[in-house]
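Colleague:
4 protein chains.
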Amino acid sequence: MEHQPTSIVDILVHEQKMTAKQVKIIEAAIELISENGYAATSTSDIAKRAGVAEGTIFRHYGTKKGLLLSIVDPVIAQFIVPVFAERFVAEVFHTSYIGLQDFLHHFIQNRFAFMQANIPLIKIMVQEFAFHPEIKQAFQTAFKEKVYPEISRTLDYFKEKGEIRGVDTEALCRMIAPTVIGFLFTRFMIQPDKDWDDEAAIAETVQYIMYGITKAEQSKRDS
Amino acid sequence: MEHQPTSIVDILVHEQKMTAKQVKIIEAAIELISENGYAATSTSDIAKRAGVAEGTIFRHYGTKKGLLLSIVDPVIAQFIVPVFAERFVAEVFHTSYIGLQDFLHHFIQNRFAFMQANIPLIKIMVQEFAFHPEIKQAFQTAFKEKVYPEISRTLDYFKEKGEIRGVDTEALCRMIAPTVIGFLFTRFMIQPDKDWDDEAAIAETVQYIMYGITKAEQSKRDS
Amino acid sequence: MEHQPTSIVDILVHEQKMTAKQVKIIEAAIELISENGYAATSTSDIAKRAGVAEGTIFRHYGTKKGLLLSIVDPVIAQFIVPVFAERFVAEVFHTSYIGLQDFLHHFIQNRFAFMQANIPLIKIMVQEFAFHPEIKQAFQTAFKEKVYPEISRTLDYFKEKGEIRGVDTEALCRMIAPTVIGFLFTRFMIQPDKDWDDEAAIAETVQYIMYGITKAEQSKRDS
Amino acid sequence: MEHQPTSIVDILVHEQKMTAKQVKIIEAAIELISENGYAATSTSDIAKRAGVAEGTIFRHYGTKKGLLLSIVDPVIAQFIVPVFAERFVAEVFHTSYIGLQDFLHHFIQNRFAFMQANIPLIKIMVQEFAFHPEIKQAFQTAFKEKVYPEISRTLDYFKEKGEIRGVDTEALCRMIAPTVIGFLFTRFMIQPDKDWDDEAAIAETVQYIMYGITKAEQSKRDS
DNA sequence: CATGAATGAGGCTTCATTCAT
DNA sequence: AATGAATGAAGCCTCATTCAT
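Residue numbers (my numbering), protein chains in the order written: chain A, 1 to 223; chain B, 1 to 223; chain C, 1 to 223; chain D, 1 to 223.
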């Protein structure tokens, strides 16, 4: 991976004025909640692990849910931000033309690195998404308003270039997204201990998507 | 869907000697746990919803976890059993030749129906899988020993027939499984309220997989 | 010991019309209550150990306390009855003259055998005596009305014979009783696993009492 | 009694940094457990009597058993400590020669005062000894390693002085201990409401022991 | 007679949250 | 800002007891 995205926790620590205790609390909370789930993690456990008095947690985050959200919100924010930032640069400034396959490769590598750097946080997101309307809402809004339009624009861009079979964008997403997400989940959450050849697996995934969505003559069938 | 698989709850009720109260308890537990998660669901809530004294739950299931497992175990059992049962018939008795595409279609329809009939149960499985070693263990064992060999045999069967590009079986699974699972999750859990054309979506998914795994000349590109 | 007093449980079984299940219940209850105490023993444990349905216990004994009393009452009865029965015979019919030392020896042997045959029952008595007014009452009444008068008569008998220093009877009891009870408790409840020479220990106890209560010139100081 | 040993509760309060609530909890627990037994006393009752929230008990003592042990442990400690402390002074510094009878008198008075000041605590010890291996263990160890050696030394001391008949020490203990313990139990637990002449009763007990263990020529004190 | 499912009160314990220090 | 004692509601579970079969 060419660049290492810092973990969201680091971003939190650097960009927000957090005391050492706050950092400890957040770290402890992430560890414990990702291991046991939000409902099964007690504030007292978090305080103990953080080496902090229980009261301190409530002084900073008000409620247990406040603590959860203060962890989850930045994940959503970071989920949106960096994906397309660099693509935009490339696209807008035409620094270099990037083909569909290269783009996919690049994109998956980027999400791969993001996931790798934030496994516990993403575990939390995935687990709690279903049970907390606030999180569900925030995530869906973020997706609809920030992520999907970008994906859509990008896919349209490649459609225009004639690299994609003319399926409707939403259906394309429904194909590509599970493939990417499925790969990342398998890699990091279902079989994290397997001996992976990451580059090869990424390439394989890209290839599979290419077969599925590109026009016949353009997909390099035997490469 | 040609045949409606009965829900696992029905199987439980019919095949095991359960009292009326036990059925009520199981139903209430499935509802509440799938809505709020295991840890956030109290046995008192379950008892209330089931119209039963709290003690009755413990008389039958011993512990809260016992109740969870008595719900989850049959899901794992049913996850294994019916998938390939009918395929075997077809294969063994050569009643009719089934091509890869037809098989995939059939297979996805089958899992689609299974999921449709058991959404809350599967939600529970998915959510609690990560936190309960017993469930994780049971599921992984079931998959490795019962499901994967069948899938493997089936894929080999089609490889021999020359319908699949010669990728190694495990890699094929890593492609197909997320696509199928991703589709089903999107359909039933992420966007259940969308106005779906199920037959079309299934066909689309099949097609996508076909592009990804079949030899060029055999995939009917424009059908 | 010349004669083996049967255990109270045997008396119960033979003298009362008890069904096989009732016997099982009583036996299980004695075992469990003497091991864990009345309050810490559940009727369900007793039923399980007895191989009986819980309802059966309540059919026969009404309440848990009823069961306890049906165990304890015969102990009190048997505590009273056999002690002096044989002494009376001896005394009244003058079959043979028994000296104080022989009497004490005889008496302690008798209580020794009684205790040996009924350790768990006596454990229960001792433990629950303090917490159940019914038991306390029954025991104290039995003692005052049945046991103490007999002891008193006996001591007076030996006082008349000049074998005992003229202390008042109650004070004598306060000396003798703890010595006897203390010996039996040490033997059967505090150090039951020690390698005892029972005959020697009984003789020693008798001697100690003799020193304490007999007139100087009559106690065989150097034996 | 020349000096009043403070009750163990006072020692607890003074020597350990206990909050007012903790003291209340301990006091309530001692009262209720000594009255009803450990198993029959609920933490909710204790909390109510102590005027404290039930949770407060668990904040300080972790479990119900933790509370019991925090009560019982100091009893065992105090059971050991003060018995021979003062005797040592006398013995070592030869401040004054103390004869066997005086020593016994002194010793029984000391234990009398200890018991008087701690009746409920000792009731608890006696009742729960049988059911809690931790207590049994702690007590037996304390006895074997701390109390018995002291008693043994003391008896040997008097044997050397020729005041005791040469019986083996253990047998002597088996005689003396039940007599003393029996007296104290009768006085404080079996007939506490009787109108006792304590000094006379102690003297009587001493005398009884003297008759039992001393050499003939030394024992006929005054009777 | 015997069973065992069912009950609901109550037991021990945990938890999120508050507040005086 | 930080602490940690205190709370009381709620959680899981056990129990003696009842009753229909």
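No residue lacks a Cβ here, since even glycine has one placed at the ideal position from N, Cα and C.
If you drop the 5 nearest sequence neighbours on each side, which residues of the same chain put their C-beta closer than 7 Å to that of A28/C?
Modeller: Locating residue 28/C in the third sequence gives position 28, counting from the first residue. The answer, listed in chain order, is I46, R49 and A50.
Colleague: Note down, one range per segment and in chain order, each alpha helix (DSSP H) of at least 4 residues found wholly within the region 8 to 95 of chain C.
Modeller: The qualifying runs are 8 to 15, 20 to 36, 43 to 50, 54 to 61 and 64 to 93.
Colleague: I'd like to confirm the pairing. Which residues does DSSP put opposite T214/C in its beta bridges?
Modeller: Against the third sequence, residue 214/C aligns to sequence position 214. Its beta-bridge partners are I164/C.
Colleague: Between F185/A and Q109/A, what straight-line distance do the alpha-carbon atoms span, to the nearest angstrom?
Modeller: Here residue 185/A corresponds to residue number 185 of the first sequence, with the count starting at 1. Here residue 109/A corresponds to residue number 109 of the first sequence, with the count starting at 1. When rounded, the distance between both Cα atoms is 14 Å.
Colleague: Do P178/B and P178/A have their C-beta atoms within less than 9 Å of each other?
Modeller: Translated into positions along the second sequence, residue 178/B becomes position 178. Translated into positions along the first sequence, residue 178/A becomes position 178. Yes. Within cutoff.
Colleague: Within 10 angstroms of the Cβ of T19/C, are there 16 or more other Cβ atoms? Answer buried if so, exposed if not.
Modeller: The residue you call residue 19/C lines up with position 19 of the third sequence. The residue in question, T19/C, is exposed, as its Cβ has fewer than 16 Cβ neighbours within 10 Å.
Colleague: Contact criterion: CB-CB distance below 9 Å. Does T141/C meet it with respect to chain D?
Modeller: As a working mapping, residue 141/C is identified with position 141 in the third sequence. So, not an interface residue.
Colleague: Work out the CA separation of A117/B and I80/A for me, nearest whole Å.
Modeller: For this step, residue 80/A is matched to residue 80 along the first sequence. For this step, residue 117/B is matched to residue 117 along the second sequence. C-alpha separation (whole angstroms): 35 Å.
Colleague: Look at the alpha carbon of E54/B and the alpha carbon of Q22/B, and state the distance between them as a whole number of angstroms.
Modeller: Within the second sequence, numbered from 1, the residue matching residue 54/B stands at position 54. Within the second sequence, numbered from 1, the residue matching residue 22/B stands at position 22. E54/B and Q22/B: Cα-Cα distance of roughly 12 Å.
Colleague: If we define contact as Cβ-Cβ less than 9 Å, is N118/C a contact residue for chain D?
Modeller: One-based indexing of the third sequence puts residue 118/C at position 118. Answer no: the Cβ-Cβ gap between N118/C and chain D never drops below 9 Å.
Colleague: Buried or exposed for R187/C, please, with buried defined as at least 16 other CB atoms from any protein chain shown within 10 angstroms of its CB.
Modeller: Taking the third sequence and counting its residues from 1, the one referred to as residue 187/C is at position 187. Burial call: buried.
Colleague: Taking 9 Å as the CB-CB cut-off, is M189/A touching chain B?
Modeller: Locating residue 189/A in the first sequence gives position 189, where the first residue counts as 1. Against chain B, the CB of M189/A has a partner CB under 9 Å away; the residue lies at that interface.
Colleague: Tell me where the alpha helix (DSSP H) around N118/D begins and ends.
Modeller: Here the question's residue 118/D lines up with position 118 in the fourth sequence. Here N118/D belongs to no alpha helix (DSSP H), and DSSP marks it neither H nor E.
Colleague: Against chain B, with Cβ distances strictly below 9 Å, would F112/A count as a contact?
Modeller: In the first sequence, counting from the first residue as 1, residue 112/A sits at position 112. Answer no: the Cβ-Cβ gap between F112/A and chain B never drops below 9 Å.
Colleague: G37/B and Q127/B look like a contact to me (Cβ under 8 Å); what is the Cβ gap, rounded to whole Å?
Modeller: Taking the first residue of the second sequence as position 1, residue 37/B is located at position 37. Taking the first residue of the second sequence as position 1, residue 127/B is located at position 127. Indeed, because the Cβ distance is near 6 Å, the residues count as touching under 8 Å.
Colleague: Measure the C-alpha to C-alpha separation of I8/A and S42/B and round it to an integer number of angstroms.
Modeller: In the first sequence, residue 8/A corresponds to position 8, counting from 1. In the second sequence, residue 42/B corresponds to position 42, counting from 1. In a straight line, the C-alpha of I8/A is about 34 Å away from that of S42/B.
Colleague: So with Cβ pairs under 9 Å, would you call M175/D a contact of chain C?
Modeller: Walking along the fourth sequence from the start, residue 175/D turns up at place 175. The Cβ of M175/D sits closer than 9 Å to at least one Cβ of chain C.
Colleague: How should E170/B be labelled, buried or exposed, when 16 other C-beta atoms within 10 angstroms of its C-beta is the threshold for buried?
Modeller: Position 170 of the second sequence holds residue 170/B. E170/B should be labelled exposed.
Colleague: Report the residue from V167/A, C173/A and H132/A whose alpha carbon sits nearest the alpha carbon of E35/B.
Modeller: On the second sequence, residue 35/B is found 35 positions in, with the first residue counted as 1. Of V167/A, C173/A and H132/A, the residue nearest in Cα terms is H132/A.
Colleague: Tell me which residue opens and which closes the alpha helix (DSSP H) that T169/D is part of.
Modeller: On the fourth sequence, residue 169/D is found 169 positions in, with the first residue counted as 1. Here the alpha helix (DSSP H) through T169/D covers T169 to F185.
Colleague: Distance, Cα to Cα, S44/B vs I57/B?
Modeller: The sequence position of residue 44/B within the second sequence is 44, counting from 1. The sequence position of residue 57/B within the second sequence is 57, counting from 1. Roughly 9 Å separates the two Cα atoms.
Colleague: Taking 9 Å as the CB-CB cut-off, is A204/A touching chain B?
Modeller: Residue mapping note: residue 204/A aligns to position 204 of the first sequence, counting from 1. The question names Ala, yet the displayed sequence has Glu at residue 204/A. Chain B, which has a Cβ nearer than 9 Å to the Cβ of E204/A, makes this yes.
Colleague: Within 10 angstroms of its Cβ, does T154/A collect 16 or more other Cβ (buried), or is it exposed?
Modeller: Against the first sequence, residue 154/A aligns to sequence position 154. Buried is the call here.
Colleague: Measuring only between beta-carbons, confirm whether H94/C sits less than 9 Å from chain D.
Modeller: The residue you call residue 94/C lines up with position 94 of the third sequence. Below a pLDDT of 50, predicted positions are generally treated as unreliable, and H94/C, at 48, falls in that range; the measurement from the model is reported next regardless. No Cβ of chain D is located within less than 9 Å of the beta carbon of H94/C.
Colleague: K17/D: buried (16+ other C-beta within 10 angstroms of its C-beta) or exposed?
Modeller: Here the question's residue 17/D lines up with position 17 in the fourth sequence. Exposed, since its Cβ has fewer than 16 Cβ neighbours within 10 Å.
Colleague: Expressed to the nearest angstrom, what Euclidean distance is found between the alpha-carbon atoms of Y61/D and E134/D?
Modeller: For the purposes of this step, residue 61/D is taken as residue 61 along the fourth sequence, with counting starting at 1. For the purposes of this step, residue 134/D is taken as residue 134 along the fourth sequence, with counting starting at 1. Those two C-alpha atoms are separated by around 16 Å.
Colleague: Can you name the residues of chain C whose CB is closer than 8 Å to the CB of P178/D?
Modeller: One-based indexing of the fourth sequence puts residue 178/D at position 178. What P178/D touches in chain C: P178, T179, I181, G182, F183, F185 and T186.
Colleague: Just to make sure I have the definition right: I need the residues of chain D whose C-beta is within less than 7 Å of the C-beta of Q137/C. Which are they?
Modeller: Walking along the third sequence from the start, residue 137/C turns up at place 137. By Cβ distance, chain D contributes nothing, its closest Cβ being about 14 Å from Q137/C, past 7 Å.
Colleague: So with Cβ pairs under 9 Å, would you call K123/C a contact of chain D?
Modeller: Position 123 of the third sequence, counted from the first residue, corresponds to residue 123/C. Chain D, which has a Cβ nearer than 9 Å to the Cβ of K123/C, makes this yes.
Colleague: Specify the secondary structure class of F143/B as computed by DSSP and reduced to three states.
Modeller: Reading the second sequence from its first residue, position 143 is the one you call residue 143/B. Three-state DSSP puts F143/B in a helix.
Colleague: Nearest by alpha-carbon distance to R59/B: which of I25/B, I76/B and P74/B is it?
Modeller: What you label residue 59/B is simply residue 59 of the second sequence in a count that begins at 1. The option with the nearest alpha carbon to R59/B is I25/B.
Colleague: Do Q101/C and M210/C have their CB atoms nearer than 9 Å?
Modeller: For this step, residue 101/C is matched to residue 101 along the third sequence. For this step, residue 210/C is matched to residue 210 along the third sequence. In contact: Q101/C and M210/C (Cβ atoms closer than 9 Å).
Colleague: For Q16/C, would you say it is in contact with chain D, using Cβ-to-Cβ distances shorter than 9 Å as the test?
Modeller: Translated into the one-based positions of the third sequence, residue 16/C becomes position 16. Taking Cβ atoms only, chain D never reaches closer than 9 Å to Q16/C, which makes this a no.
Colleague: Please state whether the Cβ-Cβ distance between Y202/C and I164/C is less than 9 Å.
Modeller: Counted from its first residue, the third sequence places residue 202/C at position 202. Counted from its first residue, the third sequence places residue 164/C at position 164. Inspection of the sequence shows that residue 202/C is occupied by Ile rather than by Tyr. No, these two residues do not count as a Cβ contact at 9 Å.
Colleague: Cβ atoms of V72/D and M125/D: under 9 Å apart, would you say?
Modeller: Within the fourth sequence, numbered from 1, the residue matching residue 125/D stands at position 125. Within the fourth sequence, numbered from 1, the residue matching residue 72/D stands at position 72. Contact flag set, yes.
Colleague: How about G55/C: is its C-beta nearer than 9 Å to some C-beta of chain D?
Modeller: On the third sequence, residue 55/C is found 55 positions in, with the first residue counted as 1. By this cut-off, G55/C is not an interface position.
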